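Student: In this note's numbering, the protein residues as written are -10 to 263.
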């Protein structure tokens, strides 16, 4: 009996891992295809010269007009683009808590399956709320002509500098460290907030997603520095999130990133000074 349960646990964990890999891969493929957005996906080195001349594809009049047309359809597409981008960027770093919850639930309740998809639904709802806010911010910035239509990044170095410095300072705050601690210690988190059933799994996922949001929201705002649909910058920020959440020295790495963002923003401010 014990060996049978162990086999079920192993088989289910492979199913869960496969599901996470598939979901993340589909999200990245959708982003690479342009996520239905009129400006499409970009491959740009603009993050390394924020506010400078765009190095992505040249902006056409039709593209600029399309991005100025905030019809209900385009608003919905922008929200979905942000949400799918959050899946692509955040789900790999959340994999340890997802897998541990799956195994611990089945072991605790001698169940063949866990309500893991309820957990993921709660997690993604938290990032869905952020995606709505981010899409609204993008619309407002676009209407104020503060974004480059080519890559949807800040046109002005001063704006990029302010956001970089803000993100760097936040990396050093107690609030950031408290949220990061919950993300880096899945066993402690599950033991503290776990409750049985699908509703309990949804609540647990929502709480974990909220901690991840508290940990990474300003890192996601940095997408406006390097380009909202710039796959190079999306990949860089995904690596930053994964390093500070998953590596043994991730907490120290997060502090290093913080000081690096501050220095980078300071350099941009200095270079933008007349």
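Glycine included, each C-beta is placed from N, C-alpha and C at the ideal position.
From a predicted model like this one, the values you see are computed outputs, not experimental measurements.
Put residue 219 into one of helix, strand or coil per three-state DSSP.
Tutor: Walking along the chain shown from the start, residue 219 turns up at place 230. Here residue 219 sits in strand by DSSP.
Student: At which residues does the alpha helix (DSSP H) containing residue 162 begin and terminate?
Tutor: Within the chain shown, numbered from 1, the residue matching residue 162 stands at position 173. From DSSP, residue 162 is part of no alpha helix (DSSP H); its letter is neither H nor E.
Student: Check whether the segment 150 to 160 touches the segment 249 to 263, counting contact only when three or more Cβ pairs, one atom from each stretch, lie closer than 8 Å.
Tutor: yes
Student: Smallest Cα separation from residue 118: which of 147, 77, 69?
Tutor: As a first step, residue 118 must be located in the chain shown, where it is residue number 129. The alpha carbon of residue 118 has as its nearest neighbour, out of 147, 77, 69, the alpha carbon of 69.
Student: Kindly provide the ranges of any alpha helix (DSSP H) runs that are 4 or more residues long and lie completely inside the segment 136 to 199, ordered along the chain.
Tutor: With a minimum length of 4 residues, the continuous alpha helix (DSSP H) runs that stay inside the segment 136 to 199 are 146 to 160, 163 to 173, 175 to 182.
Student: Measuring straight from C-alpha to C-alpha, what distance separates residue 221 and residue 21?
Tutor: For this step, residue 221 is matched to residue 232 along the chain shown. For this step, residue 21 is matched to residue 32 along the chain shown. Their Cα atoms are separated by approximately 11 Å.
Student: Candidates 115, 142, 116: which alpha carbon is nearest residue 128's?
Tutor: The residue given as residue 128 occupies position 139 in the chain shown. Of the candidates 115, 142, 116, the one whose C-alpha sits nearest the C-alpha of residue 128 is 142.
Student: Please confirm whether residue 89 and residue 190 have their CB atoms less than 8 Å apart.
Tutor: Here residue 89 refers to the residue found at position 100 of the chain shown. Here residue 190 refers to the residue found at position 201 of the chain shown. Taking 8 Å as the Cβ cut-off, residue 89 and residue 190 do not qualify as a contacting pair.
Student: What's the gap between the Cα of residue 4 and the Cα of residue 232?
Tutor: For this step, residue 4 is matched to residue 15 along the chain shown. For this step, residue 232 is matched to residue 243 along the chain shown. If I take the Cα positions, the gap works out to 25 Å.
Student: Using the Cα positions of residue 162 and residue 245, report the straight-line distance between them to the nearest angstrom.
Tutor: Numbered from its first residue, the chain shown carries residue 162 at position 173. Numbered from its first residue, the chain shown carries residue 245 at position 256. The straight-line gap from Cα to Cα measures roughly 13 Å.
Student: Given this structure, state the Cα-to-Cα distance separating residue 64 from residue 126, to the nearest angstrom.
Tutor: Counted from its first residue, the chain shown places residue 64 at position 75. Counted from its first residue, the chain shown places residue 126 at position 137. Cα to Cα, the separation comes out at about 11 Å.
Student: If you check the beta carbons only, do residue 316 and residue 202 fall under 8 Å apart?
Tutor: Residue 316 lies beyond the range of the chain shown here (-10 to 263); nothing can be said about it.
Student: With DSSP collapsed to three states, give me the class of residue 44.
Tutor: Position 55 of the chain shown holds residue 44. Caution is warranted here: a pLDDT of 42 is assigned to residue 44, below 50, making its placement in the model unreliable, and the coordinate value is therefore given only provisionally. If DSSP states are grouped into helix, strand and coil, residue 44 belongs with coil.
Student: Report yes if the C-beta distance between residue 9 and residue 84 is below 8 Å; otherwise report no.
Tutor: As a working note, residue 9 is residue 20 in the chain shown. As a working note, residue 84 is residue 95 in the chain shown. Yes. Within cutoff.
Student: Which ranges would you report for the beta strand (DSSP E) in the segment 77 to 135 if only whole runs of at least 3 residues count?
Tutor: none
Student: Note down the Cα distance separating residue 46 from residue 74, rounded to an integer number of angstroms.
Tutor: Counting from one through the chain shown, the residue named residue 46 turns up at place 57. Counting from one through the chain shown, the residue named residue 74 turns up at place 85. Caution is warranted here: a pLDDT of 42 is assigned to residue 46, below 50, making its placement in the model unreliable, and no coordinate value can be reported.
Student: For my contact list, residue 235 and residue 124 are in at a C-beta cut-off of 8 Å; report their separation, rounded to the angstrom.
Tutor: The residue given as residue 235 occupies position 246 in the chain shown. The residue given as residue 124 occupies position 135 in the chain shown. Not really, about 28 Å apart at Cβ, beyond 8 Å.
Student: Can you grab the Cα-Cα spacing for the pair residue 103 / residue 239, in whole Å?
Tutor: Position 114 of the chain shown holds residue 103. Position 250 of the chain shown holds residue 239. The alpha-carbon separation between residue 103 and residue 239 amounts to approximately 29 Å.
Student: Output needed for residue 59: all residues of its chain with C-beta closer than 7 Å, excluding positions within five of it in sequence on either side, in chain order.
Tutor: Numbered from 1 along the chain shown, position 70 holds the residue referred to as residue 59. For residue 59, same chain residues with a beta-carbon under 7 Å away, outside a window of 5 residues either side, are 128 in chain order.
Student: Compute the beta-carbon to beta-carbon distance between residue 146 and residue 261, rounded to the nearest angstrom, for a pair I have assumed lies under 8 Å.
Tutor: Indexing the chain shown from 1 puts residue 146 at position 157. Indexing the chain shown from 1 puts residue 261 at position 272. About 4 Å separates the two Cβ atoms, so the contact holds.
Student: How long is the line joining the alpha carbons of residue 120 and residue 217, rounded to whole angstroms?
Tutor: On the chain shown, residue 120 is found 131 positions in, with the first residue counted as 1. On the chain shown, residue 217 is found 228 positions in, with the first residue counted as 1. Whole-angstrom Cα-Cα distance: 12 Å.
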